[in-house]
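Numbers in my numbering are just positions in the sequence shown, counted from 1, shifted up by 8.
Data first, discussion second: the structure below is written as structure tokens.
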Amino acid sequence: MTSFYGHDKPREVFCQSFAKDKLHHAWILAGDKGLGKAAFAQQAAHFLLNSHNRPTVFCDVQDDETGHLLAAGSHPDFRLLRRGPKSDKEEKRARDNGLDSLEEHDLARNIKVDQIRALQPLFQNQASISEYRVVVIDAADDLERGGANAILKNLEEPPKKTIFFLISHMPDRLLPTIRSRCQMLRFDPLADDEMRILLKKASPNLNDAEIETLVVAGEGSPGRALQYSEVGLAELESMAREIIKTGDRDNRLKSELARKLSLKAATPRYRAFLERTPSLIAEHIKSAGLPSSLETIEKWREASDLATAAIPKALDNQAVVFRLGGLMGDLASTGQVK
9 MTSFYGHDKP REVFCQSFAK DKLHHAWILA GDKGLGKAAF AQQAAHFLLN SHNRPTVFCD
69 VQDDETGHLL AAGSHPDFRL LRRGPKSDKE EKRARDNGLD SLEEHDLARN IKVDQIRALQ
129 PLFQNQASIS EYRVVVIDAA DDLERGGANA ILKNLEEPPK KTIFFLISHM PDRLLPTIRS
189 RCQMLRFDPL ADDEMRILLK KASPNLNDAE IETLVVAGEG SPGRALQYSE VGLAELESMA
249 REIIKTGDRD NRLKSELARK LSLKAATPRY RAFLERTPSL IAEHIKSAGL PSSLETIEKW
309 REASDLATAA IPKALDNQAV VFRLGGLMGD LASTGQVK
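In structure tokens form, the structure reads like this:
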């Protein structure tokens, strides 16, 4: 999980509510993916479950009994709801290696209503070892309709001393009745300086050039930037920028990119490349300082459509990468290069 950093305003609002004994029973943590909402929820949970020690601020270091129980997933007064494995095969792998070992395509499409119903025994008695009980739903956007209605009942008649955190990347799509019963905490993209500090702390082996690449690519999202770091995005982006600059007329760089991203083991890098390429094209068009022509806009549109369709349609990796490389290379002859 990404270390929580920045976002002083949401933390201040939450801590002031707690200090004034006006803590709302349900909170929507709203903002783009990768901003640190899940890390905030985890630290808020630790704060509440350790409240008998009267903390005044969130604790970044959770080297205590509460922290150890949360890390082990065994705190009796805490529940984390996420999409589960999609089949028995993935469920066995999750039992053996943990849910985080599964890829996106190994997970069920939704958080099921049965997962919400399984919460009910938690509410039938007082908290076991803490003053509060805490439920985190990551993400509330993934609740199936029955699950959303089931959690709504708990929000309408909240169990005593129980705090809900509903993480949402698209809060406008939540049921209005759910939104109306929660207090909203909005998380904005981090500033570049905050991103640099977090990246250096999380990945001390990164050099300055790699950090700057990740700051730009992350667009204020530390989770996205760290994901890119794990797959070696800096190398891929350097090659892509060279293609945009030179056109790569002999196809050497395009072929090398296609080769690097064609193997099954390179799937995470391939996904990162698909996500990043349309943004690279858009950034280059803007940075050139010239009016965007219909031709360059169409190249960006084609790159976006191709990147979006590549995984769902199981398109050939090499062909997709080579075509995206071609679209980037075409920018060198459109008058968009500085």
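We put the beta carbon where it would ideally sit given N, CA and C, even for glycine.
Values in this document were obtained by computation on a predicted structure and should not be read as measured data.
- Considering only G228, L214, E250, the residue with the shortest C-alpha distance to E238 is L214.
- L193 sits in a strand when the DSSP states are folded into three classes.
- When rounded, the separation of the alpha-carbon atoms in E202 and N133 is 42 angstroms.
- Membership of R141 in the beta strand (DSSP E) is indicated by the continuous run 141 to 146.
- In the structure shown, R125 adopts helical secondary structure according to DSSP, grouped into three states.
- Judged by their CB atoms, A280 and D146 are not nearer to each other than the 8 angstroms cut-off.
- Under the DSSP assignment, I252 falls in the alpha helix (DSSP H) whose first and last residues are 241 to 254.
- Ranked by Cα distance from S263, the options L332, A242, P286 are led by L332.
- Under the three-state reduction of DSSP output, I219 falls in the helix class.
- Relative to A242, the option among R189, K253, K30, D216 whose CA is nearest is D216.
- If the five residues before and after F172 are omitted, its C-beta is found closer than 6 angstroms to the C-beta atoms of A34, V143, all from its own chain and listed in chain order.
- Judged by pairs of C-beta atoms under 8 angstroms, the segment 84 to 100 does not touch the segment 253 to 262, as fewer than three such pairs exist.
- The beta carbon of L43 is closer than 8 angstroms to those of H15, F195, D196, P197, L198, G228, S229, P230, G231 in its chain, skipping five residues each way along the sequence.
- Between E245 and L288 a beta carbon distance of about 7 angstroms is seen, short of the 8 angstroms cut, so the two are scored as contacting.
- The segment 171 to 190 makes contact with the segment 21 to 40; the number of CB pairs closer than 8 angstroms reaches 3 or more.
- In its chain, beyond the 5 residues on either side, C67, Q70, T74, G75, L78 have a beta carbon closer than 7 angstroms to the beta carbon of H54.
- Counting along the chain, the unbroken alpha helix (DSSP H) around I186 starts and ends at 184 to 188.
- The residues I124, in chain order, have a CB closer than 6 angstroms to that of I159 in the same chain once the five nearest residues on each side in sequence are set aside.
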